[in-house]
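In this note's numbering, the protein residues as written are 199 to 375.
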């Protein structure tokens with residue numbers, strides 16, 4: 199049984215939550231985030247919180263209950279505080295720069311890699327760190343994964359793009375006899 203689904207989602211000041219049929223709309227200023235529940239959970243707005251109830255007793259009903267609670271909570275938290283991921287670039291000559299709406303990466307290939315910054319995300323670069331910030335947790339994580347995928351860290355010298363909190367397990371190279 200889901201323990202996550204039981205918890206009510208508290209709504210911080212400045213954020214409005216409305217229910218339109220099976221769609222939960224979270225609004226802060228001009229930014230709007232929507233979560234479509236497809237009628238799989240019951241939604242109630244109680245005193246400054248959102249309470250979800252499961253529909254039915256099937257095992258997947260409990261899974262949907264926890265999943266949609268997490269998605270709605272991420273929408274509320276994203277508009278309130280935002281989400282961020284930081285990537286570290288390691289390697290001689292490896293560098294990054296933001297030029298307009300494009301992140302330009304030089305990662306040891308014969309050509310620079312130009313990554314078009316998606317709408318709703320903010321990417322900043324300081325020295326060898328790339329910071330990805332935004333209100334949508336999925337979009338922030340996906341953009342960070344795409345940037346990391348351009349040159350994954352290798353285990354011998356640790357060169358490449360890695361998450362700041364990621365630990366690269368190093369391997370010993372060949373030894374001469």
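Beta carbons are placed, not taken as given, at the ideal position from N, Cα and C, and that holds for glycine. Predicted, not measured: the structure shown is a model, and the values here were computed from it.
query, result
"Residue 270 versus residue 373 - alpha carbon distance", "54 Å"
"According to DSSP, residues forming a beta bridge with residue 366", "BP columns for residue 366 are empty, so no partner."
"At least 3 beta-carbon pairs within less than 8 Å: the region 262-269 vs the region 280-292", "no"
"Short Cβ contact (8 Å threshold) for residue 229 with residue 214", "no"
"DSSP beta-bridge partners of residue 293", "304"
"Residue range of the unbroken beta strand (DSSP E) whose run includes residue 218", "214-218"
"Helix, strand or coil at residue 227 [DSSP, three-state]", "coil"
"Residue nearest to residue 219 in terms of C-alpha spacing, selected from 240, 265, 311 and 278", "240"
"C-beta contact flag for residue 350 and residue 339 at 8 Å", "no"
"Cutoff 6 Å; reference residue 227; Cβ partners in own chain excluding five residues on either side", "none"
"Beta-carbon proximity list for residue 327, same chain, < 8 Å, skipping 5 on both sides", "284, 285, 286, 287 and 362"
"Residue burial classification, residue 294 (beta-carbon count within 10 angstroms, cutoff 16)", "buried"
"Spatial distance of residue 202 from residue 252 (CA atoms)", "12 Å"
"Cα-Cα separation, residue 279 to residue 333", "8 Å"
"Span of the beta strand (DSSP E) around residue 255", "First-last for residue 255: undefined, no H or E at that position."
"Residue-level contact to chain B via CB, residue 212, 8 Å cutoff", "Among the chains in the structure shown there is no chain B, since it carries only a single protein chain."
"Alpha carbon of residue 305 to alpha carbon of residue 233, nearest angstrom", "37 Å"
"Nearest residue (CA-CA) to residue 308, options 297, 320, 300 and 292", "292"
"Bounding residues of the beta strand (DSSP E) (the contiguous stretch that carries residue 244)", "239-244"
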